[in-house]
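Here's the structure we're looking at; comments come further down.
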Amino acid sequence: MEIIAGGVTAARGFEAAAAEAQIKYKDRKDMALVYSQAPCVTAGTFTTNVVKAAPVKWDQEVVYGGEEARAVVINSGIANACTGAEGYGYCKETAAAAAKALHIPESSVLVASTGVIGMQLPIDRIAKGVGLLAESKASTEEAGLEAAKAIMTTDTKPKYAAVRIRIGDKDVTVGGMCKGSGMIHPNMCTMLAFVTTDAAITKELLQKALSEDVQDTYNMISVDGDTSTNDTVLLLANGMAENPVIDREDENYQAFKEALHYVNTELAKKIAGDGEGATCLFEVKVIGAASKADAVTLSKSVVTSSLTKAAIYGHDANWGRILCALGYAGVQFDPEKVDLYFESAAGKLKIIENGVSTGYSEEEATKILSENYVTAIADMKMGTCSATAWGCDLTHEYVNINADYRS
2 MEIIAGGVTA ARGFEAAAAE AQIKYKDRKD MALVYSQAPC VTAGTFTTNV
52 VKAAPVKWDQ EVVYGGEEAR AVVINSGIAN ACTGAEGYGY CKETAAAAAK
102 ALHIPESSVL VASTGVIGMQ LPIDRIAKGV GLLAESKAST EEAGLEAAKA
152 IMTTDTKPKY AAVRIRIGDK DVTVGGMCKG SGMIHPNMCT MLAFVTTDAA
202 ITKELLQKAL SEDVQDTYNM ISVDGDTSTN DTVLLLANGM AENPVIDRED
252 ENYQAFKEAL HYVNTELAKK IAGDGEGATC LFEVKVIGAA SKADAVTLSK
302 SVVTSSLTKA AIYGHDANWG RILCALGYAG VQFDPEKVDL YFESAAGKLK
352 IIENGVSTGY SEEEATKILS ENYVTAIADM KMGTCSATAW GCDLTHEYVN
402 INADYRS
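Residue numbering for the sequence shown follows the working numbering, starting at 2 and increasing by one per position.
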């Protein structure tokens with residue numbers, strides 16, 4: 002597997018564009034397009050929130066209805082959530098505008114929105130923006146980067162990744178972009194992710210690969226414990242690599258899954274590390290758990306603990322908060338067996354052994370916790386299973402951002 006530059010335009014046949022439609026923001030691009038030169042088999046996973054935004058409902062019909070997709074139109078600034086029949090109608094109008102501008106079927110257009118809940122979209126601006134996107138779409142790396150920028154809300158940086166693998170005698174590429182900074186707590190988060198591939202693969206295996214992979218990637222991140230109304234991950238495969246069609250779970254399928262996992266993991270970590278107001282990516286590895294389910298539950302309990310997140314922000318090795326978060330997770334373990342380590346680019350330090358302090362150096366611990374990527378490793382000594390969750394520290398700035406988000 003080769004890590005390469007780019008995002009959604011890295012795979013053959015995919016183009017992207019960004020446009021300034023002034024939906025909510027001024028003097029910045031706030032609409033994006035992902036377009037495929039060939040029809041795509043499509044997979045998707047969506048928010049588990051009972052309150053689902055109109056674009057989620059629209060995309061579920063396209064993806065689960067078996068339609069081949071050609072384009073995704075995304076806007077930032079307004080989420081088109083809690084907008085009733087009118088909001089759903091705007092999804093259809095957006096798809097109709099894209100179909101006309103791109104000369105593709107309306108049923109092949111996916112839509113996505115992110116931003117403030119409860120506001121109606123300015124559909125006239127959306128329609129105009131669709132025209133601008135169609136005129137400027139390109140297959141360049143720069144076009145993909147601009148699209149990644151256009152879908153940002155409180156994000157501080159664009160998020161994208163791509164890899165290349167070999168299937169048969171053909172190069173196959175998987176690339177993607179995402180946004181997410183606040184209201185992040187999957188089960189599927191306000192996170193949007195769009196992954197493209199030129200792999201030839203059946204719809205059934207494409208959906209299976211995505212559904213399984215989100216469990217270990219997007220569903221293992223949390224910024225603030227709030228599951229969004231708009232969470233969407235879309236995976237489009239146009240087959241233009243002309244590899245032997247992946248239609249069974251063989252070595253080619255496993256290679257594709259590894260590439261997809263790399264891209265999804267990178268995107269998920271970029272979301273967690275760019276949490277609103279965050280100063281560092283906080284990674285929690287639980288090893289030695291009795292089962293995978295236990296490891297997942299324990300790692301997510303620690304990464305979502307507000308007290309632990311605050312301690313990470315203060316570079317304070319307050320291990321009692323981590324042990325406490327493990328203890329209320331609902332998993333049975335022996336606290337007198339637990340070992341805990343902190344690790345970063347500045348080194349690795351054992352903090353507790355068999356449930357009690359090692360007498361570690363607070364100065365060394367603070368140095369380790371002062372990096373912008375910090376890992377806590379908890380060895381439960383109960384089995385052989387492990388899981389990793391990602392989050393961020395909790396800062397004063399998080400409150401500032403969310404106190405006036407609608408203003």
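Glycine is no exception: its CB is placed at the ideal position from the N, C-alpha and C atoms. Since we're looking at a predicted model, the values are computed, not measured.
Boundaries of the beta strand (DSSP E) around residue 341: 340 to 345. When the beta-carbon positions are compared, residue 394 and residue 313 come within less than 8 angstroms of each other. In the DSSP assignment, residue 216 falls outside any beta strand (DSSP E) and within the unbroken alpha helix (DSSP H) covering 204 to 217. From the listed residues 161, 218, 147 and 346, the smallest Cα separation to residue 388 is found for 218. In the DSSP annotation of this structure, the continuous segment of the alpha helix (DSSP H) that includes residue 56 starts and ends at 55 to 65. Inter-residue distance for residue 205 and residue 125 is about 37 angstroms (C-alpha atoms, whole angstroms).
Taking the Cα positions, residue 165 is about 16 angstroms away from residue 252. Of 140, 156 and 42, the smallest CA-CA separation from residue 115 is found for 156.
Between residue 318 and residue 13 the beta-carbon gap is near 49 angstroms, outside 8 angstroms, which marks them as no contact. Under the rule that a run must span 4 or more residues, the alpha helix (DSSP H) segments found entirely inside the segment 275 to 356 read 293 to 304, 307 to 314 and 320 to 328.
Contact between residue 77 and residue 154 holds, since their C-beta atoms are separated by about 5 angstroms, short of 8 angstroms. Setting aside the 5 residues that flank it on each side, residue 293 is surrounded in the same chain by 386 and 388, each with a C-beta closer than 7 angstroms to its C-beta; the list follows chain order. Assigned with DSSP and collapsed to three states, residue 86 falls in helix. If you draw a straight line from the Cα of residue 246 to the Cα of residue 352, it comes to about 50 angstroms. In this structure the segment 45 to 54 does not lie against the segment 21 to 28, because fewer than three pairs of beta carbons, one per stretch, are closer than 8 angstroms. Residues of the same chain with a CB within less than 7 angstroms of the CB of residue 330, apart from the 5 flanking positions on each side, are 298, 299 and 302 in chain order.
With a contact defined as Cβ atoms closer than 8 angstroms, residue 176 and residue 7 qualify at about 6 angstroms. In the structure shown, the three-state DSSP call for residue 6 is coil. Minimum Cα-Cα distance from residue 305 among the listed residues 178, 325 and 113 corresponds to 325. A direct Cα-to-Cα measurement between residue 311 and residue 263 gives close to 29 angstroms.
From the listed residues 169, 131, 240 and 200, the smallest Cα separation to residue 103 is found for 131. Collapsing the DSSP output to three states places residue 193 in a strand. Apart from sequence neighbours up to five positions away, the residues of its chain that approach residue 268 with a beta-carbon distance below 7 angstroms are 160, 162, 177, 179 and 194, ordered along the chain. Assigned with DSSP and collapsed to three states, residue 148 falls in helix.
The three-state secondary structure of residue 362, taken from DSSP, is coil.
A straight line joining the alpha-carbon of residue 382 with that of residue 285 spans about 16 angstroms. In its chain, beyond the 5 residues on either side, no residue has a beta carbon closer than 6 angstroms to the beta carbon of residue 65.
Taking all protein chains in view, the Cβ of residue 274 is crowded by 16 or more other Cβ atoms within 10 Å, so the residue is classified as buried. Taking the CA atoms as reference points, residue 220 sits about 12 angstroms from residue 211.
Cα atoms of residue 42 and residue 107: separation of roughly 16 angstroms, rounded to the nearest angstrom. With respect to residue 127, residue 95 sits close: the two C-beta atoms are nearer than 8 angstroms. Following the DSSP letters along the chain, one finds residue 137 inside the alpha helix (DSSP H) bounded by residues 124 to 137.
Taking C-beta separations shorter than 6 angstroms and ignoring five residues to either side along the sequence, the partners of residue 354 in its chain run 340, following chain order. Annotation for residue 178: the continuous beta strand (DSSP E) segment containing it runs 171 to 180.
Under a 10 Å Cβ-count criterion, residue 150 is classified as buried, with 16 or more other Cβ atoms of the shown protein chains found around its own Cβ.
Comparing alpha-carbon positions, the option among 223, 255, 234 and 231 lying closest to residue 202 turns out to be 255.
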